[in-house]
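Only one structure is covered here, and it is reproduced in the block below.
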Amino acid sequence: MESKATKNKKKIAVTTDENHNVFEHFGHCETFTIFELEGNSLISKTTLKNTGSGHVATVDLLKEMGVDVVICGGIGSAAMGLLMDEDILVIPGMQGDIEVAVASFLDGASKPSTEANCDHHDHHDHHDHHDHHDHKDGEHNCGGCSCGSCH
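Take 2 as the starting number for the sequence shown in this note's numbering and just add one per residue.
Below, the structure written as C-alpha cells:
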C-alpha cells in the first residue's frame, strides 16, 4: 500500500526549448524539464534528453521516468492518445516560461485536456502554407498550432 507521501508526489514533464520556454510541439521535442513535486513543493528539477524516435518511444521514456503530467504547446491526436493510455495527464496549448507554465497548472489556471490541439498531421495534401506563416529568425509557424512542422 502506498504511503500518503508517495501519493502526494508527482512528476511534471514540460517540453522545453533552448530559452527555457515551453517548446511548441510535443512530437518534435528534444528536451523535457522534469519537475518532481511533493504537494506543490519542488523537490527537484532535471533535464531529460528525448533520445526516442517517434511518439511511442517518447511516451515510453516519460512512462519510465514516472511522469504523471505533460505540459506542452501543440500535440497531435496520436501522441495525446498514447499519453492518455498511460494515464498521463496532458496540458496542451501552453507557451512561455516553463516555470510559469508549471505554476499555472499547480494553481488550477491550466487544466488537463483530452483534445489534441494540432491537426496538421491529418493533412494529406501538401499544399503550400507560406501564406499562413509568420517568419521570425528562421522559424516557420503556421497559423494553426504554431508547431513549425507544417513544412
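We put the CB at the ideal spot given by N, CA and C, even for glycine.
In this text, all values refer to a predicted model and were calculated from it rather than measured experimentally.
Nearest candidate by alpha-carbon position, reference residue i, set the options
i   : options                : result
E31 : H21, L38, E39 and G40  : H21
L63 : F24, L107, L84 and I76 : L84
I44 : A104, K10 and F33      : K10
G97 : I89, D61, G74 and G109 : G74
F33 : K112, A14 and V103     : A14
Start-to-end residues for the alpha helix (DSSP H) that takes in residue i
i   : result
S78 : S78 to D86
T48 : That residue, T48, is in no alpha helix (DSSP H); its beta strand (DSSP E) goes S42 to K50.
T59 : H56 to E65
I99 : I99 to L107
Distance, residue j Cα to residue i Cα
i   : j   : result
G82 : D69 : 15 Å
E37 : I99 : 14 Å
Start and end residues, beta strand (DSSP E) containing residue i
i   : result
V70 : V70 to I72
T34 : T32 to E39
Helix, strand or coil at residue i according to DSSP, with G and I counted as helix
i    : result
K5   : With a pLDDT of 47 at K5, under the threshold of 50, the predicted position of this residue should be treated as unreliable, and no value is reported.
F27  : helix
E19  : coil
K112 : coil
D129 : With a pLDDT of 36 at D129, under the threshold of 50, the modelled position of this residue cannot be trusted; read the value that follows with caution. Correct three-state label for D129: coil.
A14  : strand
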